[in-house]
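2 protein chains.
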Amino acid sequence: MNAVICTVDIVLLTLGDEGLSVALLKRDRQPFKDLAALPGGFIHADTDVDGFDAAMRVLSSKTGIHAPYLGQLATFSGAARDPRGWSVSLAYYALVPFDVITGAGHPDVKLVPVDRLPALPFDHAAIVATAVERLRSKSQYSSLPCFLVGELFTLPQLQRVYEVLMGEELNKVSFRRKMTELDVLEPVEGQMAASGASRPAQLYRLKPAFRDQPGLLKRGL
Amino acid sequence: MNAVICTVDIVLLTLGDEGLSVALLKRDRQPFKDLAALPGGFIHADTDVDGFDAAMRVLSSKTGIHAPYLGQLATFSGAARDPRGWSVSLAYYALVPFDVITGAGHPDVKLVPVDRLPALPFDHAAIVATAVERLRSKSQYSSLPCFLVGELFTLPQLQRVYEVLMGEELNKVSFRRKMTELDVLEPVEGQMAASGASRPAQLYRLKPAFRDQPGLLKRGL
DNA sequence: ATAATAGTGTCTATTAGACACTATTAA
DNA sequence: TTAATAGTGTCTAATAGACACTATTAT
Chain D
66 MNAVICTVDI
76 VLLTLGDEGL
86 SVALLKRDRQ
96 PFKDLAALPG
106 GFIHADTDVD
116 GFDAAMRVLS
126 SKTGIHAPYL
136 GQLATFSGAA
146 RDPRGWSVSL
156 AYYALVPFDV
166 ITGAGHPDVK
176 LVPVDRLPAL
186 PFDHAAIVAT
196 AVERLRSKSQ
206 YSSLPCFLVG
216 ELFTLPQLQR
226 VYEVLMGEEL
236 NKVSFRRKMT
246 ELDVLEPVEG
256 QMAASGASRP
266 AQLYRLKPAF
276 RDQPGLLKRG
286 L
Chain Z
66 MNAVICTVDI
76 VLLTLGDEGL
86 SVALLKRDRQ
96 PFKDLAALPG
106 GFIHADTDVD
116 GFDAAMRVLS
126 SKTGIHAPYL
136 GQLATFSGAA
146 RDPRGWSVSL
156 AYYALVPFDV
166 ITGAGHPDVK
176 LVPVDRLPAL
186 PFDHAAIVAT
196 AVERLRSKSQ
206 YSSLPCFLVG
216 ELFTLPQLQR
226 VYEVLMGEEL
236 NKVSFRRKMT
246 ELDVLEPVEG
256 QMAASGASRP
266 AQLYRLKPAF
276 RDQPGLLKRG
286 L
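Listed in order, the protein sequences are those of chains D and Z.
Just so we're aligned: the first sequence equals residues 66 to 286 in the working numbering.
Just so we're aligned: the second sequence equals residues 66 to 286 in the working numbering.
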């Protein structure tokens, strides 16, 4: 009755010069050996506490990255998605600042813009699409995009992140009102970001209570 | 490496006189035999196409009910949730009009208000809580609650459903504006609902395109 | 006619966006 | 000083809610 392959797959997203990108890894075993795919692996029933724990293990062992945000995405399952048999993939999505990936210096990790994906094995294309959709949706009404910037950031930087995710320009006054309403940021006193030949911007960071999970707005934008 | 129990559990929700309620079934086997629990069962890797297919099978075989809405909720997993070992439960939630459950006449199915749940086996209490939260959240900005009323309904009936789910009274004019904006309903010409000694209300039904999935609002409420 | 609830027109309050103005830096 | 971008005050537009009025039924 039961002969199900149980795996975890991670959609590690970041925002770089080429837009929203996903981390892909060359597969080191069959099936689809040597193809670029999502970082993933089997559930280790003897050592993993639960799916989230397995996701953290897979993410850090395959990429060396500790993401500030890691959340359950959805579960992809069925007889057709893996040639080895009926399988379940617990898909998680992680958000991480660009320089955390480049800085981790894992040479196998390739960042690929989500709108220029190569053909992916299994149903990984659908998993990535679901993750992107989830991130874009949550960007409408939460502070989730804050996990794509570094620990310290300015409001103009953050606004540009929101704008890329939402695919539209945002009103500066409204955006700042919404950030105030979200109430997840605190200014870092005295510090300013060095920009070009213009006024430097106030630096902010996430309030401690929101470093692991986003804050939510009543009304979006 | 793999010895994972793969199951499906269904949170079947409906709206009755006692408020939002969940369908529980007396377990017919160990563990927790004879305790009330969510309808669930093992994945049948030899016959189920995928998790959704397994959820439909479990729902109809255990309760005899075909729900107008069935969606993936989340996946609950880990070493501790099932005494038999490391397990994965693909949790789905289903919405169904009250009279579909009572009319199906499955005597084992007990409807229990979600705010007066008995102690439940496994992590079923957490699964139900997640489903209720999801439904309440989606009620803010989608037509999901429409799946809790019958095929034909009036706007005052639907508004009462939204009010129960959201736990607050809604402005009649605003509610109707939002329903118009959602654009998922069509009036059933000529028909009126028989009420008491007052003006009968126009009957509506879901537009065919929205009979399987809800419509969404830009701005909530 | 009266009571009861459905449905709508319209005014007011709240929220979002446009726009302009001041602030602060490098060159 | 100018150029460039940060940050804010304030007016206008859009949206949501309050309230009252008309509509339609049973008694």
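Beta carbons: idealized from backbone N, C-alpha and C, even for Gly.
- Query: Any residues in the region 175 to 190 of chain Z with a beta carbon nearer than 7 Å to a beta carbon of chain D? Which ones, in chain order?
  - Reply: Listed by position, the residues of the region 175 to 190 of chain Z near chain D (Cβ gap below 7 Å) amount to none.
- Mind checking Met-66 (chain D): buried by the 16 CB within 10 Å criterion, or exposed? Translated into the one-based positions of the first sequence, residue 66 (chain D) becomes position 1. Caution applies to Met-66 (chain D), whose pLDDT of 49 falls short of 50 and renders its modelled position unreliable; the model cannot decide the point.
- Query: Quick one: which chain D residues come within Cβ less than 9 Å of Val-249 (chain Z)?
  - Reply: As a first step, residue 249 (chain Z) is located in the second sequence; it is residue number 184 there, counting from the start. The contacting residues do not exist; Val-249 (chain Z) stays about 19 Å from chain D at best.
- Task: Count the other C-beta atoms from every protein chain shown that fall within 10 angstroms of the C-beta of Val-238 (chain D), then say buried if there are 16 or more, exposed otherwise.
- Result: Position 173 of the first sequence holds residue 238 (chain D). Taking every protein chain shown into account, the CB of Val-238 (chain D) has fewer than 16 other CB atoms within 10 angstroms, so this residue is exposed.
- Message: Suppose the cutoff is 6 Å on Cβ atoms and the five residues either side in sequence are ignored; what does the same chain contact list for Leu-160 (chain Z) look like?
- Response: For this step, residue 160 (chain Z) is matched to residue 95 along the second sequence. Result list for Leu-160 (chain Z): Leu-78, Tyr-134, Phe-212, Leu-213, in chain order.
- To which residues of the same chain is Glu-228 (chain D) closer than 8 Å at the C-beta, ignoring the five residues directly before and after it? Taking the first residue of the first sequence as 1, we reach residue 228 (chain D) at position 163. Closer than 8 Å at the Cβ level, and outside the excluded window around Glu-228 (chain D), lie Glu-234, Leu-235.
- Task: Answer yes or no: do Leu-230 (chain D) and Ser-204 (chain D) have a C-beta to C-beta separation smaller than 7 Å?
- Result: Within the first sequence, residue 230 (chain D) is the residue found at index 165, counting from 1. Within the first sequence, residue 204 (chain D) is the residue found at index 139, counting from 1. Closer than 7 Å, so yes.
- Task: Express the C-alpha separation of Leu-286 (chain Z) and Gln-224 (chain Z) in angstroms, rounding to a whole number.
- Result: To locate residue 224 (chain Z), count along the second sequence from 1; it is residue 159. To locate residue 286 (chain Z), count along the second sequence from 1; it is residue 221. Those two C-alpha atoms are separated by around 11 Å.
- Helix or strand or just coil, what does DSSP make of Phe-97 (chain D)? In the first sequence, counting from the first residue as 1, residue 97 (chain D) sits at position 32. Of the three classes helix, strand and coil, the one that applies to Phe-97 (chain D) here is coil, per DSSP.
- Using a Cβ-Cβ cut-off of 8 Å (strictly less than) and excluding sequence neighbours within five positions of Tyr-269 (chain Z), which residues of its own chain qualify? Here the question's residue 269 (chain Z) lines up with position 204 in the second sequence. Closer than 8 Å at Cβ, skipping near neighbours: Leu-217, Phe-218, Thr-219, Leu-220, Leu-223, Leu-250, Glu-251, Pro-252, Val-253.
- Message: Given this structure, state the Cα-to-Cα distance separating Pro-186 (chain D) from Arg-94 (chain D), to the nearest angstrom.
- Response: Here residue 186 (chain D) corresponds to residue number 121 of the first sequence, with the count starting at 1. Here residue 94 (chain D) corresponds to residue number 29 of the first sequence, with the count starting at 1. Taking the straight line from one Cα to the other gives about 13 Å.
- Message: Taking CB distances under 7 Å as the criterion, tell me whether Val-197 (chain D) reaches chain Z.
- Response: Within the first sequence, residue 197 (chain D) is the residue found at index 132, counting from 1. Judged by the 7 Å Cβ criterion, Val-197 (chain D) is not in contact with chain Z.
- Item | Proximal residues of chain D, C-beta to C-beta of Gly-116 (chain Z) below 9 Å | Here residue 116 (chain Z) refers to the residue found at position 51 when the second sequence is read from its first residue. Within 9 Å Cβ-Cβ: Thr-140, Phe-141, Ser-142, Gly-143, Val-153.
- Using a C-beta to C-beta distance shorter than 9 Å, which residues of chain Z count as neighbours of Gly-285 (chain D)? Translated into the one-based positions of the first sequence, residue 285 (chain D) becomes position 220. Per Cβ cutoff of 9 Å: Tyr-206, Lys-283, Arg-284, Gly-285.
- Taking only runs of the alpha helix (DSSP H) that begin and end inside the region 92 to 141 of chain D, which ones reach a length of at least 4 residues, in chain order? 116 to 128
- Query: So what's Tyr-157 (chain D) in DSSP terms, helix, strand or just coil?
  - Reply: Here residue 157 (chain D) is taken as the residue at index 92 of the first sequence, counted from 1. Tyr-157 (chain D) falls in the strand class under three-state DSSP.
- Message: Against Gln-137 (chain Z), what residues of chain D qualify as contacts under a CB-to-CB distance less than 9 Å, listed in chain order?
- Response: By one-based count along the second sequence, residue 137 (chain Z) stands at place 72. Result: Ala-139, Thr-140.
- List the residues that DSSP assigns as beta-bridge partners of Cys-211 (chain D). On the first sequence, residue 211 (chain D) is found 146 positions in, with the first residue counted as 1. Looking at the DSSP assignment, Cys-211 (chain D) forms no beta bridge with any residue, so it has no partner.
- Query: Quick one: what does DSSP say Asp-147 (chain Z) is sitting in, helix, strand or coil?
  - Reply: For the purposes of this step, residue 147 (chain Z) is taken as the residue at position 82 of the second sequence. Note: Asp-147 (chain Z) maps to coil in three-state DSSP.
- If you pair each beta-carbon of the region 106 to 115 of chain Z with each one of the region 190 to 210 of chain Z, do three or more pairs fall below 8 Å? no
- Going by other Cβ atoms of all chains shown within 10 Å of its Cβ, with 16 needed for buried, is Gly-84 (chain Z) buried or exposed? Your numbering for residue 84 (chain Z) matches position 19 in the second sequence. Counting Cβ neighbours within 10 Å, Gly-84 (chain Z) comes out exposed, since fewer than 16 surround it.
- Query: Is the CB-CB distance between Ile-70 (chain Z) and Leu-124 (chain Z) below 7 Å?
  - Reply: In the second sequence, the residue the question calls residue 70 (chain Z) occupies position 5. In the second sequence, the residue the question calls residue 124 (chain Z) occupies position 59. Contact: no.
- Task: For my contact list, Thr-140 (chain Z) and Gln-137 (chain D) are in at a C-beta cut-off of 8 Å; report their separation, rounded to the angstrom.
- Result: Within the second sequence, the letter at position 75 stands for residue 140 (chain Z). Within the first sequence, the letter at position 72 stands for residue 137 (chain D). A Cβ-Cβ distance of about 7 Å is found for the pair Thr-140 (chain Z) and Gln-137 (chain D), placing them in contact under the 8 Å criterion.
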